[in-house]
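Numbering (my numbering), first residue to last: 142 to 321. From the three backbone atoms N, C-alpha and C, an ideal C-beta is built for every residue, glycine too. Taking it in order: structure first as structure tokens, then the write-up.
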Ligand SMILES: Cc1cc2nc3c(=O)[nH]c(=O)nc-3n(C[C@H](O)[C@H](O)[C@H](O)COP(=O)(O)O)c2cc1C
């Protein structure tokens with residue numbers, strides 16, 4: 142797909158068909174997301190692709206801070222991707238001190254770029270996705286038994302779209318851009 146078309150036609154998809162997302166497709170998407178830029182090329186983002194319905198159901202019930210809107214999305218997705226960040230590297234010096242005044246900001250910055258790259262790569266392959274931020278990190282960490290030294294950045298339900306969402310309006314360029 143042409144880059145501009147891919148960027149403009151990607152939508153947050155919250156309803157999915159039952160079509161399986163194969164490990165090969167997951168590998169293709171992560172291989173593309175691996176090309177996202179990162180702080181000093183630290184590449185701190187990791188992907189846990191949950192395909193087991195029982196685990197997805199637990200995360201959907203216990204990992205949404207009572208925001209049941211997200212529960213439905215997660216339960217209906219063939220794959221629930223949990224994006225994590227290895228902590229203490231992106232934006233950090235070797236001695237563990239912050240590289241900039243923005244502290245831990247840069248690992249989330251890297252994760253955001255990786256998330257969009259992941260979603261665009263998925264869209265290019267005909268899959269839909271949505272980034273979910275309303276999540277209960279501690280609960281999900283416990284369910285997946287995530288390693289020490291990783292924090293959850295976001296969740297991304299993934300599958301083949303069962304809806305074609307209308308594009309939410311975007312701000313006009315003149316509201317966004319100041320040329321100085
Ligand atoms: C950091 C972040 C967190 C988000 N969290 C949620 C969420 O918890 N639940 C949800 O349904 N959508 C969530 N979204 C999706 C946004 O609502 C969506 O991107 C926005 O409305 C624009 O729609 P579009 O992605 O189709 O262009 C999130 C998006 C981002 C980038």
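Check	Outcome
May I ask you to list the residues that DSSP assigns as paired with residue 298?	221
Over what stretch of residues does the alpha helix (DSSP H) that includes residue 187 continue unbroken?	Counting along the chain, residue 187 falls outside any alpha helix (DSSP H), though it belongs to the beta strand (DSSP E) covering 186 to 191.
At which residues does the alpha helix (DSSP H) containing residue 213 begin and terminate?	209 to 216
Pick helix, strand or coil for residue 165, following the three-state DSSP scheme.	helix
Mapping the DSSP letters down to three states, classify residue 240 as helix, strand or coil.	coil
Does residue 235 pass the burial test, meaning 16 or more other C-beta atoms within 10 Å, or should it be called exposed?	exposed
Count the other C-beta atoms from every protein chain shown that fall within 10 angstroms of the C-beta of residue 318, then say buried if there are 16 or more, exposed otherwise.	exposed
Between residue 218 and residue 204, what straight-line distance do the alpha-carbon atoms span, to the nearest angstrom?	15 Å
Cα-Cα, which of 178, 193, 192 is closest to residue 186?	178
What's the gap between the Cα of residue 316 and the Cα of residue 310?	13 Å
Nearer than 7 Å: is that true of the beta carbon of residue 295 relative to any heavy atom of ligand 1?	yes
Candidates 258, 251, 283: which alpha carbon is nearest residue 182's?	251
So if DSSP puts residue 292 in a beta bridge, which residue, or which two residues, is it bridged to?	226
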